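K.L.:
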Amino acid sequence: MIASRPVAIGGRFVGVAVAGPSGWHFKAIDPVVDDLEGARFSSPAEAARVAGLVVERARRHDAAAGTH
212 MIASRPVAIG GRFVGVAVAG PSGWHFKAID PVVDDLEGAR FSSPAEAARV AGLVVERARR
272 HDAAAGTH
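Numbered according to the working numbering, the sequence shown spans residues 212 to 279.
1. Name the two residues that bound the continuous beta strand (DSSP E) containing residue 227.
2. Count Cβ pairs between the stretch 213-233 and the stretch 252-269 that sit closer than 8 Å; are there 3 or more?
3. Got a sec? Which residues, its chain only, sit under 7 Å from residue 254 by beta carbon, not counting five neighbours each side?
4. CB residue 243 to CB residue 269, shorter than 8 Å?
5. Within a Cβ cutoff of 7 Å, which residues of the same chain sit near residue 246, ignoring the five residues on either side of it in sequence?
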């Protein structure tokens, strides 16, 4: 059985953390976190923390560029 955990940031479903032999791997669903595709994490919580940073970075970039 494969263990997985959804990763949502502020109610926005962005990906899934999937357990593997070498930790948790991230599967990006939302294009904003595509850079994390295949990244390994020690836990689903760590994957969510990093995904949150990426989403926040994109939000700040969009705000600075004047887009929504």
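Even glycine gets a Cβ: it sits at the ideal position worked out from N, Cα and C. Everything numeric in this text was worked out from a predicted model, so none of it was measured.
P.N.:
So, from the data block:
1. Walking along the sequence shown from the start, residue 227 turns up at place 16. Boundaries of the beta strand (DSSP E) harbouring residue 227: 223-231, taken from the DSSP string.
2. The stretch 213-233 makes contact with the stretch 252-269, as at least three CB pairs between them are under 8 Å.
3. Indexing the sequence shown from 1 puts residue 254 at position 43. Sequence-distant Cβ neighbours of residue 254 in its own chain, meaning closer than 7 Å and more than five residues away, are 235.
4. Against the sequence shown, residue 243 aligns to sequence position 32. Against the sequence shown, residue 269 aligns to sequence position 58. Yes. Within cutoff.
5. The count along the sequence shown starts at 1 and reaches residue 246 at position 35. Result list for residue 246: 265, in chain order.
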